[in-house]
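Colleague: Structure below; questions to follow.
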Amino acid sequence: MKHSAFFWFVLPSAVAMLLFIFFPIISVVVQSLHSAHEQVIIEVENCGPFGCTTATAIDQSATAALREDQPLGRFAGLEIYKDRNHLAVEQVGQIWSDSTGIGNFIDRLMNLPFYKAMGFTLTFTFVVTPLTIVLGFIVAVAVNSAAKAIRGPLIFFSLLPMMVTPLIGSLILFWMVDARGILGTALRWLADDPGLSVKADTGLMWIMLMVYGVWHSAPFAFIVYYAGLQTVNTDTLEAARIDGASRWQQIRHVVIPHLLPLTTFIALMQLMDNFRVFEPIVSFNASAHATSLSWAIYNDLGGETQQLSSAAATSVLTIIGVAILLSPVLIRTWRDYGKAA
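Per UniProt numbering, the sequence shown runs over residues 1 to 341.
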């Protein structure tokens, strides 16, 4: 392709990325370095028949003028990143000096808002992502091995979790694990504990959130793997079968190496999606037991006092976290591409 043709071909995508990705990220970074202006307080003297009293009041005109002069707020630098709601540099140092061991340090660290959210986010990501890949692969192989007459219905039912809106899907599971729900009743019967409640136990709530994550994401891995299975060389499989390879050996030595590039693609997509976990926490009303970075952003933006700078700082830290998570996979892909070239 000629350079001019390539330029005009790429231009629309480049413009869209600048408008909807690059510039918004720059805007968020700038906002995270500024904090809202404090209201201008003045003393007002009120005099009456019984004398004069002094009271404090907000100078609305001065506050409005200050905000108009500096709409982004006052420049705070990295102050917001280092406060208690984010990296908590001072608090972490104090906890480290007061801790009796690494276990005690981690327990106390998890009481800080950002690290509590980061702990659940990383746990959710590193548990749900591999389980999604494995389950999606197993379902794809099973459907591909089924009789052609029933493949259509099997594909339809396998894709149902992905078709359901995430908020609705998590609400359904939330009702099922309720004390009066089918799963909640079954768990109490299996544990022989009439007082068992998934919603009241942090560990069980984490498990339910991850179960939902796998249930909702596995269809994506399934459909990608199923499409990839249609491209496997049948002659190679037939030769392996003639040589006496078992079903598992065919999958291990022929199918899995063939689908490895698709596994990299699925891992990239799932790492990004799982690191931004949000909907199940809201639907399960699980913020008392589990919070994520996305939920922290939502919490800062909600309510009467919108903390825009705090939400921006958490967004930047989330972007950095996603970049760190994706970097090993991207580096490996780049090396594989370089070897292939």
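Backbone N, C-alpha and C fix where the C-beta goes; we use that ideal spot for every residue, glycine too.
Predicted model, so just to flag it, every value in this text is computed and none were measured.
1) Looking at LEU209 and ALA117, is the spacing between their C-beta atoms short of 8 Å?
2) What three-state label does DSSP hand HIS34 in the structure shown?
3) Near LEU268, what residues of its chain come up, given a Cβ to Cβ distance below 7 Å and the 5 sequence neighbours on each side ignored?
4) Residue range of the alpha helix (DSSP H) that GLY51 falls in?
5) Based on the DSSP output, what are the partners of residue 349 in its beta bridges?
6) What is the DSSP secondary structure of residue 342, counted as helix, strand or coil?
7) Using CA atoms only, rank isn't needed, just tell me which of PHE120, ALA218, VAL232 is closest to ILE155.
8) With DSSP as the reference, label ILE80 as helix, strand or coil.
9) Taking SER292 as the reference, which of LEU122, ARG188, PRO166, PHE126 has the closest Cα?
10) Just to confirm my understanding: we take GLY77, look at its own chain, exclude 5 residues before and 5 after, and list those with CB closer than 7 Å. What are they?
11) Tell me, which residues are paired with VAL44 by DSSP?
12) Starting from residue 364 and walking both ways along the alpha helix (DSSP H), at which residues does that stretch end?
13) If you count every other CB in all the chains shown that lies within 10 Å of the CB of PHE284, and 16 or more means buried, which is it?
14) Just how far apart, CA to CA, sit ARG74 and SER61?
15) Between ASN144 and TYR226, which are expected to be in contact by the criterion C-beta below 8 Å, what is the C-beta distance as a whole number of angstroms?
16) Does the distance from the CB of VAL214 to the CB of THR264 come in under 8 Å?
17) Quick one: using the 10 Å Cβ neighbour count with 16 as the cut-off for buried, is GLU279 buried or exposed?
18) Would ASP300 be called buried (16 or more neighbouring beta carbons within 10 Å of its own) or exposed?
19) Apart from the five residues just before and just after ILE172, which ones in its own chain have a Cβ nearer than 8 Å to its Cβ?
20) Please work out which residues of its chain come closer than 6 Å, Cβ to Cβ, to ALA221, disregarding the five sequence neighbours upstream and downstream, and give them in chain order.
21) Please report the residue range of the alpha helix (DSSP H) in which GLY152 lies.
22) On a CA-only basis, which of ILE223, VAL224, VAL254, GLY321 is nearest GLU238? Give me that one, please.
23) Quick one, are the C-beta atoms of SER170 and TYR212 less than 8 Å apart?
Modeller: Working from what's here:
1) Here residue 117 is taken as the residue at index 117 of the sequence shown, counted from 1. Here residue 209 is taken as the residue at index 209 of the sequence shown, counted from 1. ALA117 is not a Cβ neighbour of LEU209, given a cutoff of 8 Å.
2) On the sequence shown, residue 34 is found 34 positions in, with the first residue counted as 1. It is a strand residue.
3) If you number the sequence shown from 1, residue 268 lands on position 268. The residues are LEU326, VAL329.
4) On the sequence shown, residue 51 is found 51 positions in, with the first residue counted as 1. Not the alpha helix (DSSP H): GLY51 falls in the beta strand (DSSP E), residues 51-58.
5) In this structure the chain extends from 1 to 341, so residue 349 is not present and cannot be described.
6) A question about residue 342 goes unanswered here, because the residues of the chain that appear run from 1 up to 341.
7) For the purposes of this step, residue 155 is identified with residue 155 of the sequence shown, where counting begins at 1. The shortest C-alpha separation from ILE155 is found at ALA218.
8) Taking the first residue of the sequence shown as position 1, residue 80 is located at position 80. It is coil, neither helix nor strand.
9) Translated into the one-based positions of the sequence shown, residue 292 becomes position 292. When C-alpha distances from SER292 are compared across LEU122, ARG188, PRO166, PHE126, the shortest belongs to LEU122.
10) On the sequence shown, position 77 is the one that residue 77 refers to. Result list for GLY77: LEU33, in chain order.
11) As a working note, residue 44 is residue 44 in the sequence shown. Under the DSSP definition of a beta bridge, VAL44 partners with ALA55.
12) Outside the displayed span of the chain (1 to 341) sits residue 364, for which this structure offers no information.
13) As a working note, residue 284 is residue 284 in the sequence shown. PHE284 sits buried, since 16 or more C-beta atoms from the chains shown fall within 10 Å of its C-beta.
14) Sequence index remark: in the sequence shown, residue 74 carries index 74 (1-based). Sequence index remark: in the sequence shown, residue 61 carries index 61 (1-based). For ARG74 and SER61, the distance between alpha carbons rounds to 18 Å.
15) Walking along the sequence shown from the start, residue 144 turns up at place 144. Walking along the sequence shown from the start, residue 226 turns up at place 226. Right, the Cβ-Cβ distance comes to about 6 Å (below 8 Å), so this counts as a contact.
16) Position 214 of the sequence shown holds residue 214. Position 264 of the sequence shown holds residue 264. No, Cβ-Cβ distance for VAL214 and THR264 is not below 8 Å.
17) On the sequence shown, residue 279 is found 279 positions in, with the first residue counted as 1. In this structure GLU279 is buried. Its beta-carbon is surrounded by 16 or more other beta-carbon atoms within 10 angstroms.
18) Taking the first residue of the sequence shown as position 1, residue 300 is located at position 300. Buried, since its Cβ has 16 or more Cβ neighbours within 10 Å.
19) As a working mapping, residue 172 is identified with position 172 in the sequence shown. If you ignore the 5 residues before and after ILE172, its C-beta comes within less than 8 Å of the C-beta of VAL164, all in its own chain and listed in chain order.
20) The residue you call residue 221 lines up with position 221 of the sequence shown. Closer than 6 Å at Cβ, skipping near neighbours: THR132, ILE133, GLY136, ILE266.
21) As a position in the sequence shown, residue 152 is number 152, starting the count at 1. Looking at the DSSP string, the run of the alpha helix (DSSP H) that includes GLY152 is 148-163.
22) Walking along the sequence shown from the start, residue 238 turns up at place 238. Ranking ILE223, VAL224, VAL254, GLY321 by Cα distance to GLU238 puts VAL254 first.
23) Your numbering for residue 170 matches position 170 in the sequence shown. Your numbering for residue 212 matches position 212 in the sequence shown. Taking 8 Å as the cut-off, the Cβ atoms of SER170 and TYR212 count as close.
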